[in-house]
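Here the structure is laid out as structure tokens; the discussion comes afterwards.
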């Protein structure tokens with residue numbers, strides 16, 4: 001099954017978690033907004049200038065040019081944070097600063113660069129207008145940014161710096177966000193020992209618990225470590241059930257042998273209905289992946305090889321965390337990646353009918369073009385990915401990519 005379809009099969013039955021919390025703006029970056037936020041006021045609340053210059057009635061500048069200037073009487077000076085003293089009448093102008101309130105009667109601002117000021121010995125000075133202004137030129141009108149009652153930021157948005165700035169402009173200093181989904185992480189395999197331990201003969205350190213946790217937390221979740229389970233169906237099922245009860249989702253990193261992978265699928269199938277939905281997805285690396293939904297919670301069984309586990313965690317687990325947080329995402333789980341186009345240095349073989357993700361380094365050539373060089377290595381080697389800058393994404397229907405082709409590159 002293609003990865004996008006496999007993801008959708010699991011995600012469509014998973015509801016966003018109901019827990020929410022109210023947080024100050026300073027900690028809201030990257031959190032998912034729990035409900036629509038409406039503007040409590042209109043912005044801008046007053047018409048203001050976007051330039052230093054002169055507030056005028058646009059009609060009084062009609063036809064003005066350097067060869068045929070218009071002359072207006074200077075009647076006021078409007079700095080920022082000051083209410084204009086008087087309205088602007090016919091053939092009048094007011095000096096105005098960027099951000100200052102537009103005087104009543106004025107409907108445009110002529111930039112100072114398009115004017116000359118002519119002081120006179122007695123009375124008001126005269127402003128020479130060298131360019132015509134259209135109504136509304138260099139003016140922010142009332143409500144041009146947002147109107148009171150309009151949706152300022154929709155529910156399901158992962159909050160960005162601009163969103164927080166919008167809240168601040170409206171005087172909103174605390175927002176309701178989805179609680180961070182708790183994702184239990186359980187490793188399996190008699191050959192696996194904790195990363196802090198010295199491995200004995202025929203043992204390896206647990207790499208996957210660390211990489212999966214990093215992906216979960218970068219997606220906005222909370223990784224909950226549940227250690228390493230023994231290669232026993234009964235023990236794995238018991239440990240997995242306890243881990244799932246403690247979380248909103250469960251990720252199991254299987255051992256490397258076929259028998260252990262089968263054991264993992266069996267244990268997952270016993271955790272609740274409907275159970276295993278997908279056993280094997282069309283992706284490289286990462287084909288022997290198990291996807292399930294147990295009691296309304298997603299469960300993912302990842303391959304044990306570090307590169308495979310990391311790629312599938314990025315492709316499947318990451319968007320599942322976003323779904324649980326209530327974020328609006330594409331049906332196939334993609335859509336928020338940083339994508340680049342690069343010229344491939346070396347041909348990459350592939351097989352139609354699967355998504356391939358090939359690690360690569362990125363560099364600019366002498367002409368400034370971005371070039372991708374594959375980093376080939378077995379899926380059980382973590383440093384294949386450590387040495388890489390990105391992943392070359394080879395589409396489902398391609399049988400390989402030739403050197404010199406432009407490829408889609410994803411920076412996870």
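In the UniProt record's numbering, the protein residues as written are 1 to 412. Every residue, glycine too, gets a C-beta built ideally from N, C-alpha and C. All figures in this text were calculated on a predicted structure; none of them were measured in a lab.
The alpha helix (DSSP H) enclosing residue i, as first and last residue numbers
{"i": "residue 306", "result": "306 to 312"}
{"i": "residue 320", "result": "318 to 324"}
{"i": "residue 5", "result": "3 to 11"}
{"i": "residue 163", "result": "161 to 169"}
{"i": "residue 242", "result": "233 to 245"}
{"i": "residue 217", "result": "208 to 218"}
Nearest candidate by alpha-carbon position, reference residue i, set the options
{"i": "residue 249", "options": "297, 45, 111, 364", "result": "297"}
{"i": "residue 35", "options": "178, 171, 115, 116", "result": "178"}
{"i": "residue 313", "options": "117, 287, 163", "result": "287"}
{"i": "residue 215", "options": "141, 320, 283, 48", "result": "320"}
{"i": "residue 60", "options": "390, 129, 333", "result": "129"}
{"i": "residue 246", "options": "222, 385, 104, 366", "result": "222"}
{"i": "residue 105", "options": "125, 48, 70", "result": "48"}
{"i": "residue 149", "options": "368, 89, 369, 37", "result": "37"}
{"i": "residue 102", "options": "271, 52, 124", "result": "52"}
Close-in-space but distant-in-sequence residues of the same chain around residue i (CB under 7 Å, 5 per side omitted)
{"i": "residue 276", "result": "265, 268, 269, 290, 292"}
{"i": "residue 239", "result": "186, 226, 229"}
{"i": "residue 79", "result": "97, 100"}
{"i": "residue 405", "result": "344"}
{"i": "residue 164", "result": "25, 28, 29"}
Cβ pair residue i, residue j closer than 9 Å
{"i": "residue 18", "j": "residue 331", "result": "no"}
{"i": "residue 193", "j": "residue 224", "result": "no"}
{"i": "residue 394", "j": "residue 1", "result": "no"}
{"i": "residue 500", "j": "residue 363", "result": "Since the first residue shown for the chain is 1 and the last is 412, residue 500 is missing from the structure and cannot be characterised."}
{"i": "residue 311", "j": "residue 251", "result": "no"}
{"i": "residue 9", "j": "residue 278", "result": "yes"}
{"i": "residue 25", "j": "residue 173", "result": "yes"}
{"i": "residue 342", "j": "residue 360", "result": "yes"}
{"i": "residue 131", "j": "residue 110", "result": "yes"}
{"i": "residue 422", "j": "residue 4", "result": "In the structure as shown, the chain starts at 1 and stops at 412, and residue 422 therefore has no counterpart that could be examined."}
{"i": "residue 142", "j": "residue 7", "result": "no"}
{"i": "residue 410", "j": "residue 327", "result": "no"}
{"i": "residue 147", "j": "residue 39", "result": "yes"}
{"i": "residue 414", "j": "residue 263", "result": "Residue 414 cannot be examined here, being either before or after the span of the chain that is shown, 1 to 412."}
{"i": "residue 133", "j": "residue 108", "result": "yes"}
Beta-carbon contacts of residue i that lie in its chain and below 6 Å, excluding the five residues immediately before and after
{"i": "residue 93", "result": "54, 56, 72, 74, 127"}
{"i": "residue 85", "result": "76"}
{"i": "residue 365", "result": "371"}
N-terminal and C-terminal residue of the beta strand (DSSP E) that residue i is part of
{"i": "residue 356", "result": "355 to 364"}
{"i": "residue 291", "result": "290 to 294"}
{"i": "residue 301", "result": "297 to 302"}
{"i": "residue 21", "result": "20 to 24"}
{"i": "residue 385", "result": "No beta strand (DSSP E) holds residue 385; the alpha helix (DSSP H) holding it covers 383 to 386."}
{"i": "residue 153", "result": "151 to 153"}
Other residues of its chain near residue i: CB distance less than 8 Å, five sequence neighbours each side excluded
{"i": "residue 402", "result": "344, 347"}
{"i": "residue 15", "result": "296"}
Inter-stretch contact at 8 Å, needing at least 3 Cβ pairs: the segment 199 to 210 / the segment 299 to 307: yes
At least 3 beta-carbon pairs within less than 8 Å: the segment 154 to 169 vs the segment 27 to 43: yes
Three or more C-beta pairs below 8 Å linking the segment 392 to 405 and the segment 340 to 359: yes
Cβ contact (3+ pairs, closer than 8 Å) linking the segment 111 to 125 and the segment 81 to 91: no
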